[in-house]
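*Asks:* Okay, handing you the structure first.
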Amino acid sequence: MDYLLKTEGVTKSYRTGKIVLRVLRGISFEVERGEFLVIAGPSGSGKSTLLHILGALDPPDDGRVFLEGEELYLLGGRARAKVRNRKIGFVFQFFHLLPEFSAWENIVLPARIRGEAKSFSWKRLKRRAWDILGMVDLKDRAEHYPAQLSGGEQQRVAVARALINRPLLLLADEPTGNLDSRTSRDLLDLLLRLNQEMKQTIIVVSHDQQVRDRAHRVIHLRDGLIEVE
Numbered sequence: 080m081d082y083l084l085k086t087e088g089v090t091k092s093y094r095t096g097k098i099v100l101r102v103l104r105g106i107s108f109e110v111e112r113g114e115f116l117v118i119a120g121p122s123g124s125g126k127s128t129l130l131h132i133l134g135a136l137d138p139p140d141d142g143r144v145f146l147e148g149e150e151l152y153l154l155g156g157r158a159r160a161k162v163r164n165r166k167i168g169f170v171f172q173f174f175h176l177l178p179e180f181s182a183w184e185n186i187v188l189p190a191r192i193r194g195e196a197k198s199f200s201w202k203r204l205k206r207r208a209w210d211i212l213g214m215v216d217l218k219d220r221a222e223h224y225p226a227q228l229s230g231g232e233q234q235r236v237a238v239a240r241a242l243i244n245r246p247l248l249l250l251a252d253e254p255t256g257n258l259d260s261r262t263s264r265d266l267l268d269l270l271l272r273l274n275q276e277m278k279q280t281i282i283v284v285s286h287d288q289q290v291r292d293r294a295h296r297v298i299h300l301r302d303g304l305i306e307v308e
């Protein structure tokens with residue numbers, strides 16, 4: 080099998096005074112290229128913590144994480160930041176759009192951080208943003224600011240922003256959590272289209288049953304462990 084991502088024995092704990100909370104207690108699994116995987120489980124089971132570790136945001140206490148065979152947490156901080164920017168796209172429950180920038184300007188921010196504003200013209204970056212806005216059905220809202228967009232439109236802009244650097248892996252943390260049921264269905268349809276048409280590998284943390292029902296596979300976490308069904 081062609082694995083894009085692999086974890087081995089990942090653990091994570093947090094300390095508050097004398098209290099140690101063991102959030103992850105030895106997580107091992109693999110994700111194939113082109114897979115749509117959902118991480119599910121009750122609140123406090125470690126879902127978001129695991130997603131942050133997979134996204135090279137937060138190192139585990141123990142265990143290993145591989146992306147394309149490269150062990151992420153053997154890299155220095157600067158090298159991991161480059162991996163995050165170039166190979167991983169993030170979509171969160173809260174859209175985190177900058178209010179002073181239009182939709183297309185928000186979308187190109189990761190490319191600017193990557194340094195493409197120096198090597199590519201603004202015209203080329205803007206054209207790429209327009210192409211991605213077409214993929215998420217928002218071309219007519221490109222010049223609108225976040226305050227002028229609905230919640231569903233803002234989340235689609237967030238998805239477009241996550242795709243600007245053509246990531247290998249798209250990570251989404253409760254992306255439908257702030258949306259009504261109809262808008263949630265529309266966003267799920269978009270993610271599935273990206274997965275099916277672009278072969279985008281996607282990992283979603285979600286309580287949403289409709290998201291879980293349409294995934295290729297669901298990993299259930301409970302008490303920091305993968306629950307065997």
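For what it's worth, the numbering used here labels the leading residue of the sequence shown as 80, then goes sequentially.
All residues carry an ideal CB built from backbone N, CA and C; glycine is no exception.
1. Any heavy atom of the ligand ADP within a distance shorter than 7 Å of the CB on Arg-163?
2. Who does Gly-168 pair with in a DSSP beta bridge?
3. Using a Cβ-Cβ cutoff of less than 6 Å, which residues in the same chain neighbour Arg-282 once the five nearest sequence positions on both sides are dropped?
4. Just reading off the beta strand (DSSP E) that His-299 is part of, what are its end residues?
5. So with Cβ pairs under 8 Å, would you call Ile-167 a contact of chain E?
6. Using the Cα positions of Val-89 and Ser-107, report the straight-line distance between them to the nearest angstrom.
7. Pull up the distance between the alpha-carbon of Ala-196 and that of Ala-190, whole angstroms please.
8. Give the straight-line distance between the Cα atoms of Glu-147 and Leu-154, rounded to the nearest whole angstrom.
9. Go through its chain and collect everything with a Cβ distance to Pro-139's Cβ below 8 Å, but skip five positions before and after it.
10. May I ask you to report which of helix, strand or coil DSSP gives Leu-130?
11. What do you reckon, are the CB atoms on Ala-182 and Ile-211 nearer than 8 Å?
12. The alpha helix (DSSP H) with Leu-83 in it runs from where to where?
13. Tell me whether Ser-260 is buried or exposed, calling it buried when 16 or more other Cβ atoms sit within 10 Å of its Cβ.
14. So, with DSSP's three-state summary, where would you put Ile-211?
15. So what's Ile-243 in DSSP terms, helix, strand or just coil?
16. Assign Ile-186 to buried or exposed, taking buried as 16 or more other Cβ atoms, counted over all protein chains shown, within 10 Å of its Cβ.
17. Measuring straight from C-alpha to C-alpha, what distance separates Leu-129 and Val-297?
18. Going by C-alpha to C-alpha distance, which of Lys-97, Gln-279, Glu-184 sits closest to Ala-221?
*Replies:* In brief:
1. Ligands displayed in this structure: none; no statement on the ligand ADP is therefore possible.
2. Leu-249
3. A small fix is needed here, since residue 282 is Ile in this sequence, not Arg. Around Ile-282: Leu-116, Leu-250.
4. 296-301
5. Absence of chain E from the displayed structure is noted, only one protein chain being present.
6. 7 Å
7. Low confidence applies to Ala-196: its pLDDT is 48, below 50, so where it sits in the model is not reliable enough to give any reading.
8. 14 Å
9. Val-89, Thr-90, Lys-91, Leu-103, Ile-132, Tyr-152
10. helix
11. no
12. Where Leu-83 is concerned, there is no enclosing alpha helix (DSSP H), although the beta strand (DSSP E) it sits in stretches over 82-95.
13. exposed
14. helix
15. coil
16. buried
17. 14 Å
18. Glu-184
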